[in-house]
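Notes for the one structure printed next.
Rendered as structure tokens:
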């Protein structure tokens with residue numbers, strides 16, 4: 013009688029275990045759906061950046077049987093298009109485009125034309141949401157190979173929502189998205205083998221995953237080397253088939269490129285891209301600890317996990333240490349590769365976007381090392397409290413700020429200079445960290461940037477000619493101004509530092525010295541759009557050049573065209589002297605005002621400032637907190 017009782021007892025335990033597994037699986041599935049929903053609806057989208065035309069390449073494959081975009085687009089004058097031998101190609105890797113081609117076909121059947129940007133946005137949003145859901149499932153599958161389902165779910169939430177995976181996957185269909193998914197799928201095959209759940213790494217499938225990961229992004233080659241080292245140590249029998257499949261795909265890829273482009277590899281895959289103007293130490297430190305691109309600054313929970321993993325490295329069994337050693341090698345080599353990239357900060361993005369490709373290493377490291385986490389510590393309450401706070405901040409940083417706080421994206425200089433690509437020193441400036449971006453902070457940084465432009469003579473304003481009309485569209489010159497730091501050594505950087513003494517009566521910009529006079533620069537305005545500039549900071553200023561000394565004693569008349577989003581009164585100051593009050597209307601209107609004699613200066617710049625009537629501050633710009641106004645143009649005439 014005892015055996016049957018024991019049998020039924022075991023069956024009860026087994027059924028209970030299955031029930032719990034099912035509960036956690038459904039919770040993970042719900043988390044995947046929630047992640048997809050958050051990614052889809054998040055307002056911070058970079059679809060108009062590098063990923064634009066990803067789906068147009070898919071359409072070219074469908075309709076032209078080629079990756080050439082000659083028949084798909086009419087405008088090829090942008091950084092996303094590369095011309096090779098008279099044909100036009102997508103600048104970035106086309107692996108993602110190839111993989112999602114069936115989805116573009118389905119989208120066309122539903123009436124979407126991805127050549128139209130609004131349609132491409134819709135389809136990309138569906139695809140990035142799908143990749144987000146798959147990301148959650150793959151991370152959980154890897155972690156659950158070694159850990160209990162509840163711990164696996166918790167760590168999946170931390171690693172996806174609290175890392176650059178969220179802020180990258182949720183912003184666009186980057187080529188990183190599918191690269192990460194393919195690498196995670198390959199890691200799952202490896203951990204199944206390492207844990208004893210499978211006797212094979214499925215070499216054909218593994219080889220295909222490695223090839224397509226490289227096709228999506230060439231930096232996957234670092235992981236490919238790690239996989240071959242793993243197989244060399246633990247499964248030499250299957251290394252040749254894995255390598256053969258991957259090599260066969262690579263040969264086919266190179267032959268196709270040779271036939272289509274006349275070269276075996278597209279320019280994006282060539283090592284010349286790893287020629288950086290930034291000293292290696294600066295870039296390496298910036299990727300890990302800078303206030304606006306640092307991996308451990310935006311996700312401090314990863315630093316916590318990394319530190320305790322290193323502290324307990326020697327106490328872990330030998331085979332796990334070897335796995336951890338391979339992962340750490342991957343981590344370091346990948347960092348070195350990205351640090352050698354000239355654009356290591358990833359341009360207009362949020363946080364350490366280019367380190368998204370490292371997150372599969374973090375997931376794998378967590379899976380094998382977490383079972384050895386010292387859960388029974390001397391001070392468990394303190395340790396758990398610190399861990400929880402770091403998790404909360406990491407999730408806040410990436411899931412909320414990275415995807416839902418539009419100011420964090422504006423920090424890149426999308427509308428209010430500086431452009432982070434032209435002033436990358438702000439990546440290291442703790443006064444203006446991206447994850448703490450506010451409108452006030454952006455105005456203060458803008459003021460700092462414009463002040464440095466003036467003090468370093470990075471532009472020269474020409475003497476203002478009476479009767480000249482300053483148009484809002486001319487303010488676009490701000491986009492060309494930069495403050496490249498001294499550590500960015502290049503011929504272009506040296507040209508920018510030339511003293512402009514010989515160009516006092518001409519335009520002098522950091523990149524070019526031309527004969528077209530530069531009569532004014534805006535400060536405190538967003539970049540021009542639709543022929544107008546929108547007020548962003550108070551005061552909203554028009555910085556003019558000098559005025560001829562013979563005209564200083566005369567009165568001037570100003571004619572300014574403004575529009576307000578709501579009726580309001582604004583004050584106009586010239587060189588900090590009050591000139592007039594204007595009652596603005598909710599339509600484009602021309603207003604006139606008189607400037608008294610001796611208000612202008614012939615010794616330096618002249619400033620025309622517009623501030624809300626309730627704001628008495630005319631220094632240290634703050635956010636324009638009144639109804640926004642729009643500037644169209646201003647004409648000044650002497651002798652009135």
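In my numbering, the protein residues as written are 13 to 652.
For each residue, glycine too, the CB sits at the ideal point set by N, CA and C.
When DSSP reads this structure, residue 585 sits in a beta bridge with 590, 621. Residue range 532-535 is occupied by the beta strand (DSSP E) that includes residue 534. One alpha carbon belongs to residue 241, the other to residue 199, and they sit about 13 Å apart. Secondary structure note for residue 570: its beta strand (DSSP E) is the uninterrupted segment 568-576. Around residue 359, the same chain offers 433 as residues with beta carbons nearer than 7 Å, after the five sequence neighbours per side are excluded.
Out of 544, 76, 156, 83, the CA that lies nearest to the CA of residue 487 is found in 544. Scanning 554, 96, 635 for the CA closest to the CA of residue 270 turns up 96. DSSP places residue 605 in the uninterrupted beta strand (DSSP E) bounded by 601-607. The DSSP-derived three-state label of residue 649 is strand.
Less than 8 Å separates the beta-carbon of residue 257 from that of residue 215. The beta carbon of residue 225 sits closer than 6 Å to the beta carbons of 191, 194, 195, 232 from its chain, once the five residues preceding and following it are set aside; these are given in chain order. When C-beta atoms of the segment 50-69 are compared with those of the segment 99-111, three or more pairs fall below 8 Å, so the two segments count as touching. Between the alpha carbons of residue 472 and residue 267 lies a distance of about 53 Å. Taking all protein chains shown into account, residue 208 has fewer than 16 neighbouring C-beta atoms within 10 Å of its C-beta and is therefore exposed.
Annotation: residue 65 is outside any alpha helix (DSSP H) and is labelled neither H nor E by DSSP.
Where residue 101 is concerned, the enclosing beta strand (DSSP E) starts and stops at 99-102. For residue 481, the enclosing beta strand (DSSP E) covers residues 481-483.
Each of 128, 43, 116, 201 was checked against the Cα of residue 87, and the nearest Cα belongs to 128.
For residue 553, no alpha helix (DSSP H) segment is defined; the enclosing uninterrupted segment is the beta strand (DSSP E) at 552-556. Shown here, residue 284 sits in a helix according to DSSP, grouped into three states. Shown here, residue 544 sits in a strand according to DSSP, grouped into three states. Shown here for residue 259: not one same chain residue has a beta carbon closer than 6 Å to its own, the five before and five after excluded. Rounded to the nearest angstrom, the Cβ distance from residue 490 to residue 539 is 7 Å, consistent with a contact under 8 Å. Secondary-structure assignment with DSSP links residue 595 through a beta bridge to 581.
With fewer than three CB-CB distances shorter than 8 Å, the segment 75-87 does not count as touching the segment 33-42. Fully enclosed alpha helix (DSSP H) runs of no fewer than 4 residues occupy 371-381, 392-407 of the segment 342-417, in order along the chain. Straight-line spacing of the CA atoms in residue 571 and residue 531 works out to 16 Å.
Counting C-beta pairs with one atom in each stretch, the segment 439-446 and the segment 299-312 have three or more that are closer than 8 Å, which means they touch. The three-state secondary structure of residue 112, taken from DSSP, is coil.
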